[in-house]
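Participant: Below is a structure I'd like to ask you about.
Numbering (my numbering), first residue to last: 464 to 714.
Here you go:
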């Protein structure tokens, strides 16, 4: 339940939920992990990491800084050494799926839970884009969901799985439904790559990997431990880190 970003050999991993919420961050160089400086707040930021190891960000998530709702609207930015607070998202939520860069980020969907000021407990279709300073709302997803795979850029991305199995393509202004994933995945559906060459992992109850070619999904090699992990990299060189197996957290 942490934010993960970067590549297979230059990964940034931040936050999470033990319990309790944590503010740790770590960096990976392809062989070893090194502890870095802490986030500005402790938060569970599953699927909400975007950018690179030296210019990354996490946004929203479950966090104690919003005791009334339990969901944060803040953004943390990383410069390769330390974290600082960025612009707030417009709608606090957990499980907003992000992609893009620190100065051109894209968040889609999420879960607005109990006591949320905008709605009863539910997944949302809301999407927002980040310019490195502030978030702006853009067109909604066709299907409300959270903790899904989302990969690509601000102008060309794929949103897939979540609490159901739709695939949607973003063209810079609107979402279009495409071929659904063969299996309904819920609980850890992380992905990476581009709009025409993507990868997604999960769910926590399975060890499935699927590849996206811009039109259809194809099953790929399974990974070793079933879990809802967090990923970095792309379809040709990916990294799956940590996650919840259904009974315990994994490292």
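In this text, a Cβ means the ideal position worked out from N, Cα and C, and glycines have one as well.
In the DSSP output, which residue or residues are listed as bridge partners for residue 586?
Facilitator: 574.
Participant: For residue 697, which residues from the same chain have a beta carbon less than 6 angstroms from its beta carbon, with the 5 sequence-adjacent residues on both sides left out?
Facilitator: So the qualifying residues of the chain are 655, 656.
Participant: With distances taken from CA atoms, which of 638, 634, 678 is nearest residue 607?
Facilitator: Comparing Cα-Cα distances from residue 607 to each of 638, 634, 678, the minimum goes to 638.
Participant: Buried or exposed for residue 584, please, with buried defined as at least 16 other CB atoms from any protein chain shown within 10 angstroms of its CB.
Facilitator: Exposed, since its Cβ has fewer than 16 Cβ neighbours within 10 Å.
Participant: What separation, rounded to the nearest whole angstrom, lies between the Cα atoms of residue 575 and residue 604?
Facilitator: So the alpha carbons of these two residues sit roughly 15 angstroms apart.
Participant: Can you look up residue 703 in the DSSP assignment and give me helix, strand or coil?
Facilitator: Strand.
Participant: Taking residue 620 as the reference, which of 661, 595, 594 has the closest Cα?
Facilitator: Of the candidates 661, 595, 594, the one whose C-alpha sits nearest the C-alpha of residue 620 is 661.
Participant: Measuring CB to CB, does residue 595 end up less than 9 angstroms from residue 559?
Facilitator: Not a contact, by the Cβ cut-off of 9 angstroms.
Participant: In angstroms with no decimal places, state the Cα-to-Cα distance between residue 570 and residue 519.
Facilitator: Rounded to the nearest angstrom, the two C-alpha atoms are 14 angstroms apart.
Participant: Taking all protein chains shown into account, do 16 or more other C-beta atoms lie within 10 angstroms of the C-beta of residue 497, making it buried, or fewer, making it exposed?
Facilitator: Exposed.
Participant: Could you tell me which whole beta strand (DSSP E) segments of length 3 or greater appear in the stretch 512-547?
Facilitator: For the stretch 512-547, whole beta strand (DSSP E) runs of length 3 or above, ordered along the chain, are 512-514, 519-522, 538-541.
Participant: Are residue 542 and residue 517 touching if we call contact CB-CB under 9 angstroms?
Facilitator: It is a contact, given that the beta carbons lie within the stated cut-off.
Participant: Evaluate residue 507 with the Cβ neighbour count: other Cβ atoms within 10 Å of its Cβ, from every protein chain shown; 16 or more gives buried, anything less gives exposed.
Facilitator: Per the 10 Å Cβ criterion, buried.
Participant: What residues match up with residue 601 in a beta bridge as DSSP calls it?
Facilitator: In the DSSP output, where bridge partners are listed per residue, residue 601 has 590.
Participant: Pop quiz: residue 505 and residue 485 are said to be a contact at Cβ under 8 angstroms. What is the actual Cβ separation, rounded to whole angstroms?
Facilitator: Indeed they touch by this definition, with Cβ atoms about 5 angstroms apart.
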